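Participant: In full-length UniProt numbering, the protein residues as written are 1 to 334.
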Amino acid sequence: MDVASWEKLGSIDIVQKDVPALSAGDVLIRVAASGICGTDLHICNGETPHAARKVTIGHEFSGYIEAIHPGTKTLAAVGDLVAVDPNIPCHQCGFCRSKKYHLCPDLRCTGVSVDGGMARYVAVPATAVHVTRGISPEVASLAEPLSCAVHAVDMGALKTGDRVLVIGAGPIGLMVTALCSTGGANVTVAELNDMRRERALEFGASAITTNVDIGGDPTKGFGFDVVFECVGRPETMQAALGYAKAGGTVVWVGVAKPDVTVPVSPFMVYRHELTIKSTYTNPYGMERAVKILADKKVAWDKLITHTFGLDQFGDAWATFKSGAGIKVCVRPSA
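1) What's the call for Gly-94, buried or exposed, on a 16-neighbour Cβ count within 10 Å?
2) Which class does Glu-66 belong to by DSSP, given the choice of helix, strand or coil?
3) Report buried or exposed for Lys-327, applying the criterion of at least 16 other Cβ atoms within 10 angstroms of its Cβ.
4) Following the continuous alpha helix (DSSP H) through Val-290, name the residue where it begins and the one where it ends.
5) According to DSSP, which residues form a beta bridge with Lys-321?
6) Taking 8 angstroms as the cut-off, decide whether the C-beta atoms of Ala-21 and Gly-58 are in contact.
7) Using the three-state DSSP reduction, which class does Pro-125 fall into: helix, strand or coil?
8) List the endpoints of the continuous beta strand (DSSP E) containing His-151.
9) Hey, how far is the Cα of Glu-287 from the Cα of His-151?
10) List the endpoints of the continuous alpha helix (DSSP H) containing Gln-238.
11) Under the assumption that Leu-146 contacts Gly-183 (Cβ atoms under 8 angstroms), give the Cβ distance between them as a whole number of angstroms.
12) Whose C-alpha, out of Phe-228, Arg-133, Phe-313, Val-139, is nearest the C-alpha of Val-176?
13) Excluding the 5 residues preceding and the 5 following Arg-196 in the sequence, name in chain order all residues of the same chain whose CB lies nearer than 6 angstroms to its CB.
14) Looking only at its chain, what residues have a beta carbon closer than 7 angstroms to the beta carbon of Val-153, apart from the 5 residues adjacent to it on each side?
15) Buried or exposed: where does Ala-190 fall if 16 or more other Cβ atoms within 10 Å of its Cβ makes it buried?
16) For Val-231 and Tyr-280, I'd like the C-alpha separation in whole angstroms.
17) Going by C-alpha to C-alpha distance, which of Asn-45, Ala-128, Val-139, Ile-172 sits closest to Thr-72?
18) Please classify residue 385: is it buried, with 16 or more other beta-carbons within 10 angstroms of its beta-carbon, or exposed?
19) Am I right that Ser-11 and Cys-44 are in contact with their C-beta atoms under 8 angstroms? What's the rounded C-beta distance?
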């Protein structure tokens with residue numbers, strides 16, 4: 001079968017691999033929709049230390065259960081449309097046993113360290129699948145990034161009426177915007193791209209801007225209660241600290257390159273009594289994400305601006321890298 005694989009630095013290529021055999025506890029997924037993510041670009045550029053060379057990419061995907069290994073316990077059945085949690089913890093270490101499985105030192109990730117969903121078929125643990133109802137495969141493929149946004153908003157510890165700033169209106173930034181606005185926050189989105197700024201309004205932003213001005217001294221109450229940095233650039237991560245009012249929280253959501261650093265003024269953090277948090281993956285967020293997608297209170301399908309077949313992966317990859325859309329989706333089984 002054709003798969004999109006990280007064959008060499010700087011390149012994702014279509015190559016041939018066998019349909020995966022099932023091990024005990026596995027299910028075989030016929031992939032229906034697989035989103036391209038910024039992490040895939042980091043993998044391509046050698047900026048994801050735990051990525052395996054020649055891995056089939058694709059960690060945001062949905063599909064239909066094609067087969068279940070004999071003896072495997074699962075609530076899903078052959079033919080069910082499922083969203084897949086790509087994170088595979090050991091279930092043995094101290095982190096896993098204290099409900100922090102995303103910090104497992106032996107965490108594997110479908111589409112990063114083991115073959116993923118940018119293929120017609122993929123084998124995954126039965127524990128990773130979440131049955132979806134009443135949504136399309138394309139929307140179901142949004143469950144993984146939405147679960148990351150759910151975790152980010154949890155880390156922000158929002159209160160109804162909070163003033164929130166979201167920096168960056170890519171897929172994650174728009175998801176964070178929607179979750180915060182539906183939770184009763186007043187959300188401003190900072191974004192340079194015209195199309196993405198307009199989309200932010202559709203996802204619940206009260207205001208959009210290209211240049212954040214908090215209007216005064218954070219120690220006198222100016223600024224935002226919570227700031228979500230959803231870009232992953234050192235300059236925006238640093239700037240986020242200056243946009244929070246005294247006593248505020250800054251959540252670094254965007255993924256920076258491993259070798260970058262961010263200048264921070266310890267005195268400013270001290271004087272403003274800032275809380276700085278980061279997020280990593282999606283602990284216990286997939287089931288909630290699937291429910292949120294099924295609620296249809298937000299038009300999540302508007303995130304998907306381009307769809308391609310796997311035989312058009314080159315075009316899909318070029319569209320993603322150009323930044324012309326928001327979420328680029330590949331349909332391997334189409």
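Glycine included, every Cβ here is placed at the ideal spot set by N, Cα and C. Treat the numbers as computed from the prediction; the structure is a model and nothing was measured.
Facilitator: From the atom records:
1) Locating residue 94 in the sequence shown gives position 94, counting from the first residue. Here Gly-94 is exposed, its C-beta having fewer than 16 other C-beta atoms within 10 Å.
2) Position 66 of the sequence shown, counting from 1, holds the residue named residue 66. Under the three-state reduction of DSSP, Glu-66 is assigned to strand.
3) Position 327 of the sequence shown, counted from the first residue, corresponds to residue 327. With 16 or more other Cβ atoms within 10 Å, it is buried.
4) Taking the sequence shown and counting its residues from 1, the one referred to as residue 290 is at position 290. Per DSSP, Val-290 is one residue of the alpha helix (DSSP H) stretching across 286 to 295.
5) As a working note, residue 321 is residue 321 in the sequence shown. The partner list for Lys-321 (beta bridge, DSSP) is empty, contrary to what the question assumes.
6) By one-based count along the sequence shown, residue 21 stands at place 21. By one-based count along the sequence shown, residue 58 stands at place 58. For the 8 angstroms CB-CB criterion, Ala-21 and Gly-58 do not form a contact.
7) Translated into the one-based positions of the sequence shown, residue 125 becomes position 125. Residue state, collapsed to three classes: strand.
8) Residue 151 sits at position 151 when you count from the first residue of the sequence shown. From DSSP, His-151 is part of no beta strand (DSSP E) but of the alpha helix (DSSP H) over 143 to 156.
9) Counting from one through the sequence shown, the residue named residue 287 turns up at place 287. Counting from one through the sequence shown, the residue named residue 151 turns up at place 151. Going from the Cα of Glu-287 to the Cα of His-151 covers about 12 angstroms.
10) Looking up residue 238 in the sequence shown gives position 238. 234 to 243 is the extent of the alpha helix (DSSP H) around Gln-238.
11) Walking along the sequence shown from the start, residue 146 turns up at place 146. Walking along the sequence shown from the start, residue 183 turns up at place 183. About 14 angstroms; that fails the 8 angstroms criterion.
12) Here residue 176 corresponds to residue number 176 of the sequence shown, with the count starting at 1. Nearest C-alpha to Val-176: Phe-228.
13) For this step, residue 196 is matched to residue 196 along the sequence shown. Excluding positions up to five away in sequence, the list reads Ala-169.
14) Indexing the sequence shown from 1 puts residue 153 at position 153. Answer for Val-153: Val-176, Leu-179, Cys-180, listed in chain order.
15) On the sequence shown, position 190 is the one that residue 190 refers to. By the neighbour-count rule (16 or more Cβ atoms within 10 Å), Ala-190 is buried.
16) What you label residue 231 is simply residue 231 of the sequence shown in a count that begins at 1. What you label residue 280 is simply residue 280 of the sequence shown in a count that begins at 1. Distance between the alpha carbons of Val-231 and Tyr-280 is about 14 angstroms.
17) Working through the sequence shown from its first residue, we reach residue 72 at position 72. Ranking Asn-45, Ala-128, Val-139, Ile-172 by Cα distance to Thr-72 puts Ala-128 first.
18) Residue 385 is absent from the model: the chain starts at 1 and stops at 334.
19) Against the sequence shown, residue 11 aligns to sequence position 11. Against the sequence shown, residue 44 aligns to sequence position 44. Confirmed, Cβ separation roughly 7 angstroms.
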